[in-house]
Each structure stands twice: as C-alpha cells, then as structure tokens.
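Worksheet: the structure to be examined is printed underneath.
Protein chains: 2
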Amino acid sequence: MNIAIAQSGGPTCAINASLLGVFRAAYKSSEVDAIFGSINGIEGMIGDNLINLKSVIRTNEDMELLRQTPSTVLGSCRYKLPDYEKDTEVYEKIAACFEKHMIDSFVYIGGNDSMDTVVKLSAYFEKTGKPYRVIGVPKTIDNDLPITDHTPGFGSAAKYVATTVQEIIRDSSVYSIDSVTVIEIMGRHAGWLTASACVLRAIGQEAPHLIYLPEADVNVPRILDDIRRERAKHQAVIVAVSEGIDVSSLAESAGVTTAGVDAFGHKFQNGVGKVLERIIAKEFGCKVRSIELNVMQRCSSHLCSKTDIEEAEAIGAAGLRAALSGHTGKMMYFRRISDTPYETVIEMTDAFQCANLEKKFPKEWITPSQNNVTDEAIRYFLPLIQGDVKLITRCGLPMHFDRSSFEAFTNL
Amino acid sequence: MNIAIAQSGGPTCAINASLLGVFRAAYKSSEVDAIFGSINGIEGMIGDNLINLKSVIRTNEDMELLRQTPSTVLGSCRYKLPDYEKDTEVYEKIAACFEKHMIDSFVYIGGNDSMDTVVKLSAYFEKTGKPYRVIGVPKTIDNDLPITDHTPGFGSAAKYVATTVQEIIRDSSVYSIDSVTVIEIMGRHAGWLTASACVLRAIGQEAPHLIYLPEADVNVPRILDDIRRERAKHQAVIVAVSEGIDVSSLAESAGVTTAGVDAFGHKFQNGVGKVLERIIAKEFGCKVRSIELNVMQRCSSHLCSKTDIEEAEAIGAAGLRAALSGHTGKMMYFRRISDTPYETVIEMTDAFQCANLEKKFPKEWITPSQNNVTDEAIRYFLPLIQGDVKLITRCGLPMHFDRSSFEAFTNL
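For the record, the sequence lines run as chains A and B. Numbers given in our numbering equal positions in the first sequence, counted from 1, plus 4. Numbers given in our numbering equal positions in the second sequence, counted from 1, plus 4.
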C-alpha cells in the first residue's frame with residue numbers, strides 16, 4: 005500500500021515538520037510501501053505530479069533539515085475543489101492518480117481551505133465507493149481553525165512576534181523625543197497573532213501599551229483617546245495592531261480613504277498600520293512610524309518554538325495513523341488538558357467542522373477598554389512559544405532542506 | 005578620577021556590548037572611581053543628565069543582560085556640536101559637566117557623526133588647556149566608517165540579513181507561479197549590508213540572484229535585462245537592493261516619480277523597493293512583492309553574531325584604556341590580520357580621519373555585470389557573522405536590561 009502527502013496554504017515554520025511526521029510514521033509502518041509527495045498541494049494529485057519522498061529524504065540529516073526549513077518543501081496551492089456534482093472531471097483525475105500509484109491514504113496539511121478539500125474529496129470517494137482515505141492535518145499561523153486548541157505554525161509565529169516586538173520596543177526608545185510606533189501583525193480575520201504580543205507582560209514588559217484586534221470594538225476616537233492617555237505615561241508608545249482590523253471603517257471615520265496613489269498614478273490600498281500612522285501623526289504631531297512584520301513572522305525558522313515543531317511533527321504522524329486505521333474525512337486536532345504543566349492530546353473530528361470556518365479570538369479575553377487582552381490570553385499563549393530548536397548550521401547560517409534533488413524524482 | 009560614557013546614532017545589537025566593555029574596563033581599573041553614563045549621547049553632558057552606572061549595573065546578570073539588549077540603554081541623539089569658534093556656550097556647558105563630576109575621560113560610542121563630536125570636543129579641550137580626554141568607539145550597522153576593517157553592530161545586522169533573506173527565499177518559492185521578490189536592505193550611502201546577503205552562496209544558496217548596491221552602475225534597462233535573464237532560469241527570482249540606491253534617477257528613467265500620495269492627499273517618497281516593485285511588475289506582469297527588513301535588521305539581538313558582540317565589548321574596553329593612557333581625539337578601530345583563521349587587532353587613529361566620512365563598498369568587489377558581488381566579499385563577510393550568543397531567557401523570551409531603575413539614579 006502506498007500513501008501520499010501534500011501541503012497547502014500560506015507558509016509556516018512548522019508545515020515541513022508535519023510533513024516529516026507523516027513521512028516517519030509511514031516509513032515505520034509495515035503496511036506502507038511508497039511514500040509520495042504531491043507537488044503544489046492538491047494540484048499535484050490532479051496533474052499527476054508526484055515525488056517519491058523516500059528518494060529525497062534519505063538520511064537522518066535530511067530529516068533534521070526538513071524539520072528546520074520554513075515554508076513548504078512540496079510547494080503549495082490556493083486551489084479550491086469545485087462542487088463535485090457540478091464538475092466531476094477534477095475528481096476523476098485525482099482518483100486516477102490514486103489508482104495509478106496505488107495510493108490508499110492521503111494526508112493534506114493545510115488551513116481551513118484545505119479542510120474543504122478534505123471534506124469534498126472524502127465525500128466523493130465515499131459516494132463513488134472508492135476505498136481511499138483522506139485526512140487533514142491543521143496548520144496556519146493565523147490560529148483561526150475551529151475545534152483545535154491551536155494550530156501548528158502559530159506557536160513559532162507568536163514566538164517571533166513577541167521576541168521581535170520586544171526588540172522594536174528597545175529600538176523605539178532611544179531618542180529624547182515623543183513617539184508612537186505602530187506594529188502591524190498578520191491575521192486577516194482573527195487577532196490571535198497580534199494578541200500574542202501580550203506574553204511580554206509575563207516578563208515584566210509593559211509594552212505593547214495598546215493591542216487592537218479585529219474582534220474588539222475599535223474606532224478612531226477611542227484609539228486617539230487611548231494614545232493620548234498612553235502618551236501622558238510613556239515617551240515611546242507602542243501599539244500592536246492586527247491587519248484584520250476593518251481599516252476602511254477606521255479611515256472613513258477619520259475622513260480619509262485607505263487608497264493611496266503610487267508613483268505610476270495607480271491606486272493602492274494602505275494597510276491598517278500606514279493608515280493609523282497618518283491618523284495618529286495628524287492628531288498629535290509627534291514622530292509616528294509603522295512597521296510591518298511582513299513574511300518574516302511566518303517564515304523565521306531560526307526563531308521557531310520547539311513546542312510548535314514537536315507538536316507539528318506529532319500531529320502529522322497521528323494523521324497518517326488515523327488514515328491507516330481506516331478513518332477518512334477527519335481533521336486531527338489538539339485538545340488542551342492543562343496550561344501548567346502544559347499538556348495536550350491529539351484527537352480527530354469531522355473535517356467539515358473546520359472547513360471554511362474561522363475561530364475568532366475570544367471576546368472575553370479582550371479587556372473592557374477594547375485595547376488590550378487579559379491574563380487568560382497570556383496563560384493560553386505562553387506554553388506555545390516554549391523551547392528552542394537546536395539548528396544544524398554551516399558558516400554561521402541555518403541549513404535548509406535542499407529541494408534541488410526533487411527534479412530527478414518528480415513526474416514519475 | 006571619574007569617567008563618562010555615551011552612546012549616539014542609530015540603534016545596533018552591539019552598542020550596549022561596547023558600553024559594557026567600557027564599564028568593565030573602568031570597573032577593573034584602580035584609577036577609576038565613578039563611572040557615569042550620559043543620557044542621550046552628548047546631550048546628557050550638555051544638560052548635566054548623568055547616571056551613576058555602578059548603581060544600575062550591579063550583578064553579573066546585569067552585565068549579561070546589558071550585552072544581549074539591542075539599541076542603546078543610555079539613549080541616543082543626533083546632536084551635532086556647533087563650530088566652537090562660533091558658539092562656545094555648549095562647549096562650556098560640557099566642560100562644566102566634566103568639572104562638576106570630576107570626569108577625566110569620556111568615551112563616545114557612535115558612527116561618523118559621533119566622531120565629529122570626538123574631534124571637536126577634544127580640540128576644544130586641548131585649545132582651552134583642559135586635561136579631559138575624549139575617545140571614539142565605532143558602531144554602525146552601515147559598516148561605512150573609514151580606517152576600521154568593519155564596525156561593531158554590522159556583523160549582527162549582516163547575520164540577520166543573511167538568515168532572513170534565506171528564509172524569505174523559502175517563503176517566495178511555494179506557489180507554482182512566476183514571481184520576483186525585492187528585498188530592500190538598509191544602508192543610506194553604502195551597500196555593505198545589502199552585499200552581505202552574498203554569504204548565502206557559501207552554503208550553496210544561489211539566491212539572491214541579483215544584488216544592487218549604490219556603488220554599482222545600476223540603471224533601469226540593466227535591471228530589467230537582469231531580471232529577464234534570471235526569470236528564464238528561476239521561477240522565483242530574488243533581488244536584494246540597497247536603500248541607498250539613487251531611486252530618483254531610477255524612477256526618472258522609468259518615466260515615473262518616486263512620490264506617492266497617501267490617504268490624506270499628502271505626498272510621500274516611495275523607497276527603492278516599492279519603486280522597483282512597480283517597475284518590474286509593469287514590465288513583466290508577474291507577481292512582484294517588495295519586503296523591507298525595516299528596523300528588525302538593526303535590533304534583532306536574538307540573532308546576533310557572537311564575534312560581533314565580543315569584538316564590540318573588546319573595542320569598548322580598548323577605548324577606555326586608551327583614554328586612561330592619556331590619548332584623546334582618537335577613534336579605536338579593527339585591523340584585520342587574516343580571514344582564515346579570522347584574526348584582528350584593535351588600534352587607534354585620529355578621529356578626524358573618520359568624522360563625517362563614509363567608506364564605500366569596494367568597486368573591485370562588484371561583478372562586471374554590476375548586479376552581484378565577488379567571492380572576495382564572501383571571504384570578508386563570513387567571519388563577522390560567526391557564533392551564537394547564548395541568551396538569558398524567561399518564559400521562552402530573551403530578557404533585556406531593565407532601564408526602569410535609571411530614574412532613581414539620573415539627574416544626580
């Protein structure tokens with residue numbers, strides 16, 4: 005029996021650890037022969053673009069490197085399966101790929117879009133009487149999947165955010181002038197990653213003084229009041245703001261649009277950081293700067309959380325075992341048993357409970373002032389960022405898994 | 005006898021290590037009694053705003069924390085001394101501060117602007133027959149000081165750049181579409197930090213495929229030709245570009261301006277990353293994104309170079325010893341003896357040889373194609389990024405030196 009693995013959605017520091025988890029569990033299983041990687045998510049299964057993973061992951065060092073390499077070594081996609089009652093062709097192509105390569109189990113590592121694929125594909129196989137199993141393994145730095153306590157990839161991103169925000173706090177407090185620093189953090193629909201900056205309180209850091217989440221009741225008069233109050237207390241005010249904030253409504257109430265015009269005369273949308281920067285500078289006339297943590301917050305493996313990486317590997321392995329045990333249409337998830345000592349178990353749920361759904365940051369963890377989060381949030385976040393991974397380095401630089409050998413082993 | 009220390013210019017990861025070097029050398033010296041820190045660079049000497057450093061740096065842990073804290077714990081300034089023949093008042097205030105606190109030696113840690121202060125102040129003291137000594141200790145992530153082989157703070161910034169660029173390379177290669185990623189790196193006048201991304205070649209990384217420095221002959225037709233050629237070879241083309249590139253002339257030759265208009269109708273200047281992003285997208289119609297490494301490249305102490313931090317501490321100590329030996333108006337610097345094994349010695353030179361001057365990236369290390377650097381550059385950069393500092397952490401986060409105790413000990 006053969007199995008296949010694919011990765012989907014945006015990069016994280018942990019998605020290759022989950023791939024390794026599936027690979028190792030498959031390798032150890034006496035039931036599994038070939039282990040295929042599908043290139044660029046489900047697109048690889050549709051286009052019969054597979055790689056024989058045993059040919060490219062050969063040594064212990066290969067495995068270590070895979071674990072410490074950010075982003076997806078198998079490539080990713082944003083492809084959404086069509087409704088199978090309207091368009092069966094794609095499904096037939098996927099089924100043909102399973103059949104051709106004698107694949108019995110397929111593990112899909114991804115976010116809520118990928119769980120939609122797990123739901124549709126497993127339903128199609130069931131309906132058409134095909135014995136193939138499809139299991140979802142979660143990942144996303146946004147931490148916005150329902151059911152699971154948290155998602156692999158989030159802990160490393162949170163560790164990056166907290167560590168980097170603390171460094172920016174130091175950077176922001178050198179001159180003898182008043183300033184406001186706005187740090188824009190990823191999370192298109194949920195504020196989890198922005199909120200995670202609160203863990204700095206656990207080590208006695210007062211900043212970020214203000215944390216604005218999409219789930220909070222945030223508006224311009226309130227923001228300006230907040231900043232006025234913090235400026236009275238601190239020379240360098242630090243604000244963490246989620247990119248998921250409804251920036252259009254903020255801009256509208258400040259009497260501006262979010263649209264800028266670039267050097268070519270083309271309109272572009274300013275993010276919430278830039279818009280807040282302008283609104284604050286206009287009101288207070290002080291130095292204001294906005295900083296985007298950009299893709300670094302999702303790919304900085306040199307600063308990953310050991311807890312996150314180990315969990316990502318474990319949940320990948322559990323996903324493969326679930327498939328081998330005959331389950332299909334399920335997503336693996338973490339259930340937290342306790343914060344201190346930190347303890348979780350891996351369980352499974354129907355993937356449709358997560359597909360296309362988002363878990364918001366809990367309203368009850370937002371302070372009444374709507375500009376910060378409670379200590380419950382700190383207790384939730386802290387265990388997820390613990391531990392450092394000892395990286396294999398050369399010349400003072402972390403080594404990454406080398407994909408160049410892929411060419412020889414794809415398009416079997 | 006008492007001594008004073010101040011820090012100036014932009015933040016780095018190593019400037020507090022140099023402060024520690026001065027402090028420790030002073031602490032060990034039987035000649036030195038009080039060790040003062042001047043708050044916000046020379047401004048603290050002008051305004052008599054000093055701190056008794058022995059009161060705030062008390063334990064070995066304090067020293068360890070100081071070493072691992074980015075940015076300047078004493079604060080910084082951009083203050084430039086007036087010409088002392090035109091305006092003596094400021095100089096008299098500084099001299100009064102020396103006299104009041106019985107300060108004999110002053111060590112100023114900073115970049116080329118700060119060396120201007122060292123030159124002027126030491127000349128004033130000499131001219132007025134005051135026995136005070138002023139010594140400069142270099143620092144800047146830009147690495148653009150003359151005479152010295154390199155500057156403290158640069159090695160850590162270069163390590164951040166190389167490590168992060170490699171992670172962005174991974175992040176940029178996940179989807180099955182063509183893309184160009186432009187990474188804008190600091191260096192207002194010199195390309196050292198941007199060039200340092202070349203060290204990835206030492207570990208077999210082909211990208212960044214193109215490296216554009218202010219010292220190279222860069223123009224739009226050449227850039228577009230370069231990118232066309234690289235696109236033929238790579239699905240994800242990675243470009244490292246220095247913020248110091250003459251972006252106006254690039255924009256002009258592309259028939260655009262660098263000015264944008266923000267949401268408030270205010271004009272703003274686009275950086276070279278954004279301008280190149282638009283120029284490339286217009287030409288090729290592919291996915292293009294630009295990423296700024298922003299302040300993270302100068303304050304990410306969690307990723308500092310051990311070599312850099314140790315050297316910064318050593319050169320601070322050497323600066324203090326030079327002052328105690330009676331030298332004044334000098335800047336300490338590194339002379340490199342050999343690349344492999346890496347060996348440097350610390351010497352001193354007249355500070356006027358560095359004041360207000362910039363050391364450019366060598367033209368002979370730029371490839372004839374003007375879009376990359378030679379292997380000599382790799383050999384130069386590599387030793388500077390070696391080694392990791394074992395950080396004191398709590399709750400999974402690096403601890404920083406706590407400045408809150410300062411309040412009780414400033415304004416003596």
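All residues carry an ideal CB built from backbone N, CA and C; glycine is no exception.
Nearest Cα to B/T144 within the set B/K131, B/K134, B/N116, B/T168: B/N116. Excluding five sequence positions before and after A/T353, the CB atoms of its chain that fall closer than 7 Å to its own CB belong to I151, K334, M335, Y337, given in chain order. Assignment of A/G79 by DSSP, reduced to helix, strand and coil, places it in the coil class. Our two residues, A/R71 and A/K97, have alpha carbons roughly 31 Å apart in a direct line. Annotation for A/R340: D153, T348 place their beta carbon closer than 7 Å to its own, counting only its chain and skipping 5 residues before and after. DSSP places B/F129 inside the alpha helix (DSSP H), whose first and last residues are 116-131. Under DSSP, A/M335 takes part in a beta bridge, and its partners are A/G140, A/T353.
Comparing C-alpha distances from B/N44 to each of B/A8, B/E362, B/S252 shows the shortest one belongs to B/A8.
A check of alpha carbon separations from A/G400 across B/I189, B/I61, B/L204 identifies B/L204 as the nearest. For B/G79, the CB contacts under 6 Å within the same chain, skipping 5 residues up- and downstream, are I43, N44 in chain order. In the same chain as A/A166, and ignoring 5 residues on each side of it, the C-beta atoms closer than 7 Å to its own belong to S200, A201, V203, L204, I389, in chain order. The continuous stretches of alpha helix (DSSP H) do not include A/E188, which lies in the beta strand (DSSP E) extending over residues 183-189. Below the 7 Å Cβ cutoff, chain B contributes I207 as neighbours of A/R398, in chain order.
Comparing C-alpha distances from B/I107 to each of B/L54, B/R82, B/V122, B/E89 shows the shortest one belongs to B/L54.
In the DSSP assignment, B/D392 is bridged to B/S309. By the C-beta criterion, the segment 253-263 of chain B is judged not to be in contact with the segment 247-259 of chain A, since fewer than 3 inter-stretch pairs fall below 8 Å. With contact defined as three or more Cβ pairs closer than 8 Å, the segment 109-126 of chain B and the segment 275-282 of chain B are not in contact. A/R383 and A/E362 have their C-alpha atoms some 22 Å from each other.
Against chain A, a Cβ distance below 7 Å from B/P74 picks out E171, R174, D175. Counting along the chain, B/F410 sits inside no alpha helix (DSSP H), nor does DSSP assign it H or E at all. A contact is defined here as three or more CB-CB pairs under 8 Å, and the segment 286-299 of chain A meets this definition with respect to the segment 177-192 of chain A.
Beta-bridge pairing by DSSP links A/P402 to A/T397. Non-local beta-carbon contacts of B/G159 in its own chain, meaning distances under 7 Å to residues more than five positions away in sequence, involve S309, T311, D312, L388, I389 in chain order. In this structure, A/H193 keeps its C-beta atom at 9 Å or more from the C-beta atom of A/D266.
For the pair A/T198 and A/L228, the Cα-to-Cα distance works out to about 19 Å. Selection A/I207, A/L69, A/D230 evaluated against A/L395 yields A/L69 as nearest (Cα-Cα).
With 16 or more neighbouring CB atoms inside 10 Å of its own CB, B/T73 falls in the buried class.
For A/I215, the three-state secondary structure derived from DSSP is strand. A/E351 and B/R398 have their alpha carbons spaced roughly 31 Å apart.
Residue-level contact check: A/C303 touches chain B, since one or more beta carbons of chain B fall below 9 Å from its beta carbon. Chain order gives the chain A residues near B/I389 as C399, G400, L401, where near means a beta carbon separation below 9 Å.
Taking each of A/G323, A/L386, A/K364 in turn and checking the Cα distance to A/P345, the smallest one comes out for A/L386. Contacts with chain A at 9 Å (Cβ-Cβ) do not include B/I145.
The alpha-carbon separation between A/E317 and A/F27 amounts to approximately 10 Å.
When Cβ-Cβ separations below 9 Å define contact, B/M300 makes contact with chain A. Residues of the segment 188-208 of chain A with a C-beta less than 9 Å from any C-beta of chain B: V203, L204, A206, I207, G208, listed in chain order.
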